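As structure tokens, the structure follows; a few thoughts come after it.
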Amino acid sequence: MDRYDLALIGFGGVNRALAELIRDRGERLRSELGFDLRIVAITDLRLGSLMQADGIDVAQVLAMRAGESFAGLVGGDAEARNEYVIRNSTADIVVEATFTNPLDGQPAVSHVTWALESGKHVTTTNKGPIALAGAGLKSLAAEYGVRFEYEGSVLSGTPILRFAKQQLAGAGLTAVEGILNGTSNYVLGRMEAGLSLADAVAEAQGLGYAEADPTADIEGSDVQLKVVILANELLGANLTTADVERVGISVVSAEDIVAAATQGKRWKLIGSARRLPDGTVTGRVAPVAVAADHPLQGISGATNAVKFETELLGDVTVSGPGAGRVETAYALLSDIIAIDSSVRSGLVATSAV
Ligand SMILES: NC(=O)C1=CN([C@@H]2O[C@H](COP(=O)(O)OP(=O)(O)OC[C@H]3O[C@@H](n4cnc5c(N)ncnc54)[C@H](OP(=O)(O)O)[C@@H]3O)[C@@H](O)[C@H]2O)C=CC1
Ligand SMILES: N[C@@H](CC=O)C(=O)O
């Protein structure tokens, strides 16, 4: 396969960054990876839908201004006709990057379902589908002989899911604990510097770290979804969000931050999943004032870190970007590379369309 055609669902920070990567580094990616990437469809709530089987002019759509619509372009429509585009576009891979809905994962769960049912591979950075409907969607992908990839759902472009599944296989993973949200970690750091919660959140939004509704970052539901994903994907659990106790950073006041600093501590929002001796797996999200000798104390800004506790290796900690448009677009690229690898090894077809 020397080219993959993509349908982008949602054209916000992350999918725009992917389009920019394709525009700016397409040649380099081709020589490094051995395949081209071409965008043949885009849908977005504001812009509408665009389908061009011969390839969309990426520079043209990236240059569109607020208020403009795809309706004026060949193959364009003012409405985001997601189901039609996902089912009927000539894409090999559907790239789902609409907002994460922490309640039921919709509409992303439907987007992924339609794509898999129509024989297209899926990559997503959206946490909803995997945390809230992962088992069903994985079965659907197997049924239709296509890949469902979601590396960016935890720690953005830092590849911890594949790392744990592949490099820690057999090590006896018993627990996962870490800083799993870039926005809240960034906000806590800015509050240490004297900013108010609201001003710090506004900065995180401007930098592309925050969820469409940043309450999910501040009240811990984003980390709750990530804990569910880590527990189910890596510890073989079957948790739902209801099983994961959640406290967000809104309970941490400016006074708490100053008081912690006087003791050499820093507040961090910690998400964890742990297998207990009876085999059950528990999950938790809560802010913790960590001391200077704690491995997570020095993790600042939108950087995240995960400590894997294993029987054979002891603790293994990985840190890297936890949020950011380009960093998360890289996660999509890494998923496409994984899909290509499966296609080349004959494990799946190019796409089943
Ligand atoms: N940004 C980051 O650092 C990371 C993000 N993620 C996840 O990646 C996904 C995308 O994030 P990001 O790009 O930052 O988010 P944005 O909010 O910037 O982009 C989402 C885009 O999807 C559009 N959209 C929303 N609903 C629909 C719909 N039903 N049909 C078509 N388009 C829709 C939005 O339109 P409108 O603006 O009009 O609502 C917006 O343009 C999210 O699920 C997020 O949780 C994961 C890891 C890191
Ligand atoms: N809003 C999230 C984005 C990545 O999942 C975060 O800040 O971590």
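Counting in this note's numbering, the sequence shown runs from 77 upward without gaps. A virtual CB, placed ideally from N, CA and C, is assigned to each residue, including glycine. In this text, all values refer to a predicted model and were calculated from it rather than measured experimentally.
When only Cα atoms are considered, Glu-227 and Pro-235 end up about 6 Å apart. Judged by beta-carbon spacing, Thr-189 lies beyond the 8 Å limit of Ala-156, meaning their Cβ atoms are not closer than that value. Only buried fits Arg-351, as 16 or more other CB atoms lie within 10 angstroms of its CB. Closest in C-alpha terms to His-187, from the list Glu-385, Asn-158, Val-137, comes Asn-158. The beta carbon of Ala-191 sits closer than 6 Å to the beta carbons of Ile-162, Val-170, Val-198 from its chain, once the five residues preceding and following it are set aside; these are given in chain order. Collapsing the DSSP output to three states places Leu-208 in a helix. Residues with their Cβ less than 6 Å from any non-hydrogen atom of ligand 2, running along the chain, are Ser-232, Asn-257, Gly-258, Thr-259, Tyr-285, Ala-286, Glu-287, Asp-293, Asp-298, Gly-398, Ala-399. Under the three-state reduction of DSSP output, Ser-329 falls in the coil class, being neither helix nor strand.
Arg-122 has its CB nearer than 7 Å to a heavy atom of ligand 1.
Taking non-hydrogen atoms of ligand 1 into account, the C-beta of Val-198 is found less than 7 Å away from none of them. DSSP, reduced to helix, strand and coil, places Thr-199 within a strand of the structure shown. In the three-state DSSP reduction, Lys-302 falls in the helix class (H, G or I). Of all alpha-carbon atoms in Glu-287, Leu-94, Arg-238, the one lying nearest the alpha-carbon of Lys-203 is that of Glu-287. Per DSSP, reduced to three states, the secondary structure at Lys-344 is strand. For Arg-360, the enclosing beta strand (DSSP E) begins and ends at 357 to 366.
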